[in-house]
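This report refers to the structure that appears directly beneath it.
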Amino acid sequence: MKSVSPEIRTTGDGSTTLFSEQFSQHYHNPNGAVAESLHLFFETTGMITDIQNQKPLRLFETGFGTGLNLLLFVNLLEIYGYRSNAQLYSIEAWPVTSKTARQFSFGKHESLNRFKPVLNNIFSTVSSGWNRFEVTANCTLNLYIGTLADFFLDETEIGLVDYFLHDPFSPEVNAELWQAEVFREFHSMASSRAVLGTYCAASSARAAMASAGWFVARAPGALGKREMTLASTDPKKLDPWKRVDEKRLSERLLRGDFNR
Numbered sequence: 191m192k193s194v195s196p197e198i199r200t201t202g203d204g205s206t207t208l209f210s211e212q213f214s215q216h217y218h219n220p221n222g223a224v225a226e227s228l229h230l231f232f233e234t235t236g237m238i239t240d241i242q243n244q245k246p247l248r249l250f251e252t253g254f255g256t257g258l259n260l261l262l263f264v265n266l267l268e269i270y271g272y273r274s275n276a277q278l279y280s281i282e283a284w285p286v287t288s289k290t291a292r293q294f295s296f297g298k299h300e301s302l303n304r305f306k307p308v309l310n311n312i313f314s315t316v317s318s319g320w321n322r323f324e325v326t327a328n329c330t331l332n333l334y335i336g337t338l339a340d341f342f343l344d345e346t347e348i349g350l351v352d353y354f355l356h357d358p359f360s361p362e363v364n365a366e367l368w369q370a371e372v373f374r375e376f377h378s379m380a381s382s383r384a385v386l387g388t389y390c391a392a393s394s395a396r397a398a399m400a401s402a403g404w405f406v407a408r409a410p411g412a413l414g415k416r417e418m419t420l421a422s423t424d425p426k427k428l429d430p431w432k433r434v435d436e437k438r439l440s441e442r443l444l445r446g447d448f449n450r
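Heads up: the sequence shown begins at 191 in the numbering used here, then just goes up one per residue.
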């Protein structure tokens, strides 16, 4: 396992993010890490409604990163008095050091500060492969330290996933995590009403999702970004949003339009 120490930077809402020298990209939107994650993965996907309705939840996150999505998820469970069972499965190839994690802050989102010991414990104890943390009485983190390709080769059964938080670095610098094969694997893991949310609005990424059998839609992006992408195994879950032409995008991908 190789730990990394990216540069810590403060975003527009006062919360911290990291800058990866390897990929030359921020982990979050520089205009606001917390605000972006809430919009992308919890509000626009409809997950908050399922939390309010006490639905058992199984999440799959590509890129644990700073652990921010975990903290936001646990905080929302507390806000809405969640009493059911929640499982978060997350993949991270390059975990940050515990020293870096201790420097994270959440700006005006002070309610997240009480979870900082959770992050400190995670980053100081993780090792390669599966790591299990009972974050609260009804929320478990199952953190896989390794690549997504390694995870796909792992035979651990995780059950059907309700929400995919697809948050790797962009297709321009991390193309392998935006291929149709990846979204095909996700589709095989998905429940009948699963939703995938991502910041990426690239046509090539949407085409990869569509060719893998997902229904795909565009939604308003976070903090100055025009669009984000939603995908689902159930087209009705995308009714509030503008659907893309999945057939046309799949044909373009097959022709190699996005390789030019």
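In this text, a Cβ means the ideal position worked out from N, Cα and C, and glycines have one as well.
Check	Outcome
Assumed close pair Phe313, Val286 - CB separation to whole angstroms, cut-off 8 Å	6 Å
Nearest to Tyr389 (by Cα), restricted to the options Thr200, Arg416 and Asn449	Arg416
Nearest-angstrom beta carbon gap, Ser318 and Gly336 [assumed within contact, 8 Å]	6 Å
Three-state secondary structure assigned by DSSP to Ile154	Any answer about residue 154 is impossible in this case: the structure gives the chain only from 191 up to 450.
heavy atom of the ligand MN below 8 Å from Phe254 C-beta	Ligands in the displayed structure: none, and consequently the ligand MN is not present.
Enclosing alpha helix (DSSP H) for Asp352 [first to last residue]	Note, Asp352: premise wrong, no alpha helix (DSSP H); beta strand (DSSP E) at Val351 to His356.
Backbone CA spacing between Ala137 and Ala412 [nearest angstrom]	This structure cannot settle anything about residue 137, because the visible part of the chain is limited to 191 through 450.
Boundaries (first-last residue) of the beta strand (DSSP E) holding Val325	Gly319 to Thr326
Helix, strand or coil at Ser295 according to DSSP, with G and I counted as helix	coil
Residues sharing a beta bridge with Ser189, DSSP	Nothing in the structure corresponds to residue 189, since the chain is present only between 191 and 450.
Separation of Thr206 from Leu444, as counted between CA atoms	40 Å
Glu324 burial status per 10 Å Cβ neighbour count (16 or more: buried)	exposed
Segment contact, 8 Å Cβ cut-off, at least three pairs: the region 357-372 with the region 391-403	yes
DSSP three-state assignment for Gln277, whether helix, strand or coil	strand
Cβ distance (whole Å) where Leu428 is taken to contact Ser393 below 8 Å	Incorrect: roughly 17 Å between the Cβ atoms, too far for contact.
Same chain only: Cβ atoms within 7 Å of Ala407, ignoring 5 sequence neighbours per side	Leu420, Leu428, Trp431, Lys432, Arg433 and Val434
Within 9 Å, strictly: CB atoms of Ser227 and Leu266	no
According to DSSP, residues forming a beta bridge with Val406	Ala421
Cβ contact check for the region 337-355 and the region 272-285: 3 or more pairs under 8 Å	yes
Bridge partners - Glu251, DSSP secondary structure assignment	Ser280 and Leu355
Secondary structure of Gln215, DSSP reduced to three states	strand
Distance between beta carbons of Thr423 and Ser378, contact taken as under 8 Å	The Cβ separation is near 10 Å, so there is no contact.
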